[in-house]
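Below: one structure, written as structure tokens.
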Amino acid sequence: MPIRFDNVTYAYPAEESDLVAVREVSLTIEDGSFVCICGENGSGKSTLAKLMNGLLQPTVGVVTVDGKTTATEEEKELFAIRQKVGMVFQNPDNQMVASIIEDEIAFGPENLGVPREEIGERITYALEAVGMSEHRKHTPYKLSGGQKQRIAIAAVLAMRPEVLVLDESTAMLDPRGRAEVLKVAEDLHRQGITVVLITHFMEEAARADRVVVMKDGRVVMDGAPEEIFRDREAIAKYDLELPVADALAASLVEAGLPLEDKIYGESALAEAICRSK
Amino acid sequence: MSIEIKDLSYVYSPGTPYACTALDKVSLTVDEGDFVGIIGKTGSGKSTFIQHLNALIRLQSGSLKVFGIDLSAKKPDLKKLRGTVGMVMQYPEYQLFDETVEKDVSYGPKNLGLSEEEIKGRVREAIGLVGLDYDEVKDRSPFELSGGQKRRVAIAGVIAMKPRVLVLDEPTAGLDPRGKREILSLVHKLKETSSPTVLIISHDMDAVAEHCNKVALFSKGKIASVGSPREIFYDDALLNETEMDRPAVVRIVKEMEQRGVILPERPVTRAEFVAAVKRWRDA
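In order, the protein sequence lines correspond to chains R and Y. Just so we're aligned: 175 in the numbering used here is position 175 of the first sequence, and the numbers increase by one with no gaps anywhere. Just so we're aligned: 267 in the numbering used here is position 267 of the second sequence, and the numbers increase by one with no gaps anywhere.
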């Protein structure tokens, strides 16, 4: 059930701003992939995400989910698309609607008209998937940021989506919270869910199997993380940043260490340095 | 010594069933010229702590002196305090409120009771310091600027007060890599030019290791330890107990140690790491 962008341009309505946020993007998100979208603030990443499930509809071009266009007037079709492509946003506090976690998770499936018994099963599944089962009867307000985002993900999972889009969902979290959310995303990916992760954290991008880089609304790079991070000129040009280990590797090469011209993770770099003497 | 905090405790909603101890006998001394990193898990008391420094939260128990202003006094000089301690809150761009950038940045200095001329000069200087073009932005609405620009306008409003101490609560949260670099280099510039003492709350251990000379690690409302980045980030027992992450440099050094290679002088910054690797190879 790939998501396809075919020559998509999106301009915000003139009364809001005259910004053209996405320009002539053609892109396919393959089933079961883990795609990371990077790029500086204002490069169009979030707009691209919102085009994926019809929250925004293209000004020019077509976005299709499972072959069906998101530019439909039919509410039923739009609901079907949003059920398939679930989104979690940046601020966990803006996404909670219920005062008990299981009600929060039930909200989506109830709106879909899922029968009562099945809703119970879905809640069990969704909370287990994000490791929050013991919080089922609690209020979401006292949770940490990372836990709240896991609940937000569970609420999406209860819709049985095929794609999970995380729009800077780790940006406001502390390192532990970020690690928790990322682990959940990776677990879900292993279970076959397609994950689209929008982030400024290059360490997160390095764990995806594909990185899409945006600049001024256009896709300017698209490839495996190793390919992207290897292109030092592009990293500078598009205001990205190397993960710390790779920035260190570059400095060590400059300092005359015989390291290979490749992308190291932290462990591989430690090993390569140890072997260099 | 510029800031002296002794046995500071704070309870939210005291005397009610919801009473919650946020700070428990916290003591810390900050010297003029320090760049202090305040770290700790979410909920460890960091923000409650720094809000005491310019009396956004009033002292409940303990003592707090900031450049001679005694906050345990009956009527501390709050106006002077707020001119001394500049506070940049989390997501400060949400606090912009005025019609134009110039008016917004003028708000603080106006409250200090300065002359029109002095205010104008300071506003122009502050907007320039944060890297914006005064003539270009002064009459624009702060709300039509980009996220990174808004944050810089908010910081300009604080530095127009010419504080001796700059306190920043996660100033780089939510920014892209370039935005982060720009804000951190701005903080350095301010430290060198106008506000020699800086306290920064951060979850970015790489940034703390790179920039701070002193680290205060908060855990469960207490300061679990204060020390140099080297002392804190190589204290395994402390980091495990307080559930803190290490900077990437330290993680790599640890991996090398597991392979039997001990680098000289335990580096914490990137430059120290490269130098240490070179020394080890040359030895």
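Beta carbons are placed, not taken as given, at the ideal position from N, Cα and C, and that holds for glycine. As the structure is a computational prediction, the values presented were derived from the model and not from experiment.
For Y/Lys41, a Cβ of chain R is located within less than 8 Å of the residue's own Cβ.
Inclusion of R/Gln90 and R/Ala71 in the CB contact set at 8 Å is not warranted, their separation being larger than that value.
Counted as a single uninterrupted DSSP element, the beta strand (DSSP E) harbouring Y/Gly62 occupies residues 61-66.
At a beta-carbon threshold of 7 Å, the residues of chain Y lying near R/Leu240 are Pro177, ordered along the chain. Under the 8 Å Cβ criterion, the stretch 188-197 of chain R counts as touching the stretch 19-32 of chain R, having at least three qualifying pairs.
When Cβ-Cβ separations below 8 Å define contact, R/Ile151 makes no contact with chain Y. For Y/Gly40, the enclosing beta strand (DSSP E) stretches over residues 35-40.
According to DSSP, Y/Lys6 shares a beta bridge with Y/Ser63. Using a Cβ-Cβ cut-off of 9 Å, Y/Ala173 is close to Ala171, Met172 of chain R, given in chain order. A contact is defined here as three or more CB-CB pairs under 8 Å, and the stretch 218-230 of chain Y meets this definition with respect to the stretch 10-27 of chain Y. Rounded to the nearest whole angstrom, the C-alpha separation of R/Ala205 and Y/Pro142 is 32 Å.
Interface annotation, Y/Lys278: in contact with chain R, CB-CB separation under 8 Å. Within its own chain, the residues whose Cβ lies closer than 7 Å to the Cβ of R/Ser169, once the five positions on either side in sequence are excluded, are Val88, Phe89, Gln90, Gln149, Val181, listed in chain order. The DSSP-derived three-state label of R/Arg4 is strand. Note on geometry: alpha-carbon atoms of R/Gly217 and R/Gln95 lie some 26 Å from one another.
Look at Y/Ala216: its C-beta is not under 8 Å from any C-beta on chain R. At a beta-carbon threshold of 7 Å, the residues of chain Y lying near R/Arg176 are Lys41, Glu243, ordered along the chain. Excluding five sequence positions before and after Y/Gly157, the CB atoms of its chain that fall closer than 7 Å to its own CB belong to Asp104, Val105, Tyr107, Gly108, given in chain order. Counting C-beta pairs with one atom in each stretch, the stretch 96-115 of chain R and the stretch 137-156 of chain R have three or more that are closer than 8 Å, which means they touch. Close CB contacts of Y/Pro92 within its chain, under the 7 Å cut and outside five residues either way in sequence, are with Arg151, Ala154, Ile155 (chain order). Bounds of the alpha helix (DSSP H) holding R/Asp246 are 244-254. Selection R/Arg82, R/Asp93, R/Arg136 evaluated against R/Ile100 yields R/Arg136 as nearest (Cα-Cα).
The CB of R/Glu271 comes closer than 9 Å to the CB of Glu255, Met256, Arg259 in chain Y, given here in chain order. Within the stretch 116-132 of chain Y, no residue places its CB atom closer than 7 Å to a CB of chain R.
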